[in-house]
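The listed protein sequences correspond, in order, to chains A and B.
Throughout the first sequence, residue numbering follows our numbering, covering 73 to 147 in sequence.
Throughout the second sequence, residue numbering follows our numbering, covering 207 to 451 in sequence.
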Amino acid sequence: MSTLLAAAPAIPLGESGKFVAGAYIVFVVLILVYVTIMAVRAQRIERELAELQRDVEAARAGTEAEAERAREPAL
Amino acid sequence: MPPTTTYGKGLRSLALATTITIGLALVLIFFYAPLDAEQGFVQKIFYLHVPLAIVSLCGFVVGGALAICHLRTGDRKWDLRSYVAIHMALIFGIGGLITGSIWAKASWGHWWVWNEPTLVSFLIVLLLFATYQPLRFSIEDPERQSRYASVFSIVAGAFVPLNFIAVRLAAQYVHPRVLTLGGGQLPGSMRLTFLVSLVGIALLYATLWKYEMTAKNTRFAVRRLRRTLLGEDAVRPVGRSAAPS
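Here it is, written out as structure tokens:
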């Protein structure tokens, strides 16, 4: 890395450097915002999946209880 | 929506290739490509701005091509693909517009120049595609929504190359030409850097397209699963949305 930096031309951080940095920061921010939105959506999918798992287990428990009651002899 | 569970396949390797290519492009931009004799350090913006604009315009055309597949087959998976392609192209287009504007300020002293055909034509294309989402949102019936959106995508997608050719044929322009039909005016090191940047941005587009397709298809799969396991009543209605449902 130090060799690479030594070989690199000096980066002018004056007036033009400010604009170049600005352009690249805009790009990074745009990608970050997109990834953040997608992360929120991924969380929503995860929540929906957990909810589905809960509902399926509740439905299965209900069916088993019903089957149990049906097996019990009538008094 | 037919069951499709393969969108995530290859996403990891695509993301890795994107990271490596963009990393390499950044190294080439700042440590290899020489400073431009006329513009100096500001020219480094071009390695970002031009690929973003090119990939964005290609994304719009791809969106139109995918919409043709939708109208031909009637399969709504093509509508979803077209929707995501246009959505991504819009994001890249906004990136291209902002970075171009920053370059214009640094180079010309103005954030925006109205008498520059390339800038204005790009803005027209972007504004045209900015109406795509409101158009979809305004149509409640999903079948009609996808059909009308496909027609729009095809017409607007065909407008992109026409617009590009018209601007190229314009006699007076002051926008710098990075690549020409004759192979470009860039020296070898700059051309290599530009091409690596272009490949990097194109890979980023493909990765994010695949990422969003995977997310949307997973959501659809969860809804399908709920419908299958618990019945139609257990699925909450989606409500009005611009996205295909």
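No residue lacks a Cβ here, since even glycine has one placed at the ideal position from N, Cα and C.
Bridge partner(s) assigned by DSSP for residue i
i: B/Gly246; result: B/Asp242
Buried versus exposed call for residue i [16 or more other C-beta atoms within 10 Å across all chains shown]
i: B/Phe453; result: This structure gives no information on residue 453 of chain B, because the portion of chain B shown stretches from 207 to 451.
i: A/Glu138; result: exposed
i: B/Thr434; result: exposed
i: B/Gly406; result: buried
i: A/Ala122; result: exposed
Proximity of residue i and residue j at Cβ, strictly below 8 Å
i: B/Leu341; j: B/Phe358; result: yes
i: B/Lys311; j: A/Phe99; result: no
i: B/Ser352; j: B/His276; result: yes
i: B/Tyr253; j: B/Ala221; result: no
i: B/Trp284; j: B/Leu272; result: yes
i: B/Thr420; j: B/Gly265; result: no
i: B/His255; j: B/Gly302; result: yes
i: A/Ile117; j: B/Thr424; result: yes
i: B/Ile251; j: B/Ile308; result: yes
i: B/Leu258; j: B/Thr305; result: yes
i: A/Ala131; j: B/Leu436; result: yes
i: B/Leu263; j: B/Val331; result: yes
i: B/Glu346; j: B/Arg446; result: yes
i: B/Thr224; j: B/Leu410; result: yes
i: B/Phe247; j: A/Gly89; result: yes
i: B/Leu286; j: B/Lys422; result: yes
Cβ-based neighbour list, residue i, same chain, cut-off 7 Å, excluding 5 preceding and 5 following
i: B/Trp415; result: Val290, Ala291 and Met294
i: B/Ala452; result: Residue 452 of chain B cannot be examined here, being either before or after the span of chain B that is shown, 207 to 451.
i: B/Gly269; result: Ser288, Ala291, Ile292, Ala295, Ser359 and Gly363
i: B/Arg429; result: Val441
i: B/Ala412; result: Leu220
i: B/Val366; result: Leu263, Phe266, Val267 and Val331
Contacts around residue i, its chain only, beta-carbon distance under 8 Å, and the 5 residues preceding and following it disregarded
i: B/Thr399; result: Ala231, Leu234, Ile235, Tyr238, Ala239 and Tyr253
i: B/Ala336; result: Leu296
i: B/Trp318; result: Ser307, Ala310 and Leu325
Same chain, Cβ closer than 6 Å to residue i, neighbours up to 5 away in sequence not counted
i: B/Ala355; result: Arg342
i: B/Met396; result: Ala239
i: B/Gly388; result: Legend: pLDDT at B/Gly388 = 46, less than 50; position of this residue unreliable, value from coordinates given subsequently. Answer for B/Gly388: no residue qualifies.
Near-chain A residues of the region 412-425 of chain B (beta-carbon distance less than 8 Å), N- to C-terminal order: Residues of the region 412-425 of chain B that bring their beta carbon within less than 8 Å of a beta carbon in chain A comprise Leu414, Tyr417, Glu418, Ala421, Thr424 and Arg425, in sequence order.
Using a Cβ cut-off of 8 Å, which residues of the region 238-258 of chain B contact any Cβ in chain A, in chain order? Answer set for the region 238-258 of chain B: Pro240, Leu241, Gly246, Phe247, Val248, Lys250, Ile251, Leu254, His255 and Leu258.
Proximal residues, the region 215-226 of chain B versus chain A, C-beta separation under 8 Å: Answer set for the region 215-226 of chain B: empty.
What are the residues in the region 110-129 of chain A lying within 9 Å of chain B by C-beta distance? For chain B, the residues of the region 110-129 of chain A that bring a beta carbon within less than 9 Å of one of its beta carbons are Met110, Arg113, Ala114, Arg116, Ile117, Glu120, Leu121, Glu123, Leu124, Asp127 and Val128, in chain order.
Which residues, in chain order, does the region 427-439 of chain B contribute to contact with chain A at a C-beta distance below 7 Å? Within the region 427-439 of chain B, Val428, Leu431, Arg432, Leu435 and Leu436 place their CB atoms closer than 7 Å to a CB of chain A, listed in sequence order.
Along the region 296-317 of chain B, where does the CB come closer than 8 Å to a CB of chain A? Name the residues. Of all residues in the region 296-317 of chain B, the ones placed with a Cβ closer than 8 Å to any Cβ belonging to chain A are Ile297, Ile300, Gly301, Ile304, Thr305, Ile308, Trp309, Lys311 and Ala312, in chain order.
Can you give me, in chain order, the residues of the region 97-110 of chain A that have a beta carbon less than 8 Å from any beta carbon in chain B? Against chain B - using a Cβ distance shorter than 8 Å - the residues of the region 97-110 of chain A are Val98, Phe99, Leu102, Ile103, Tyr106 and Met110.
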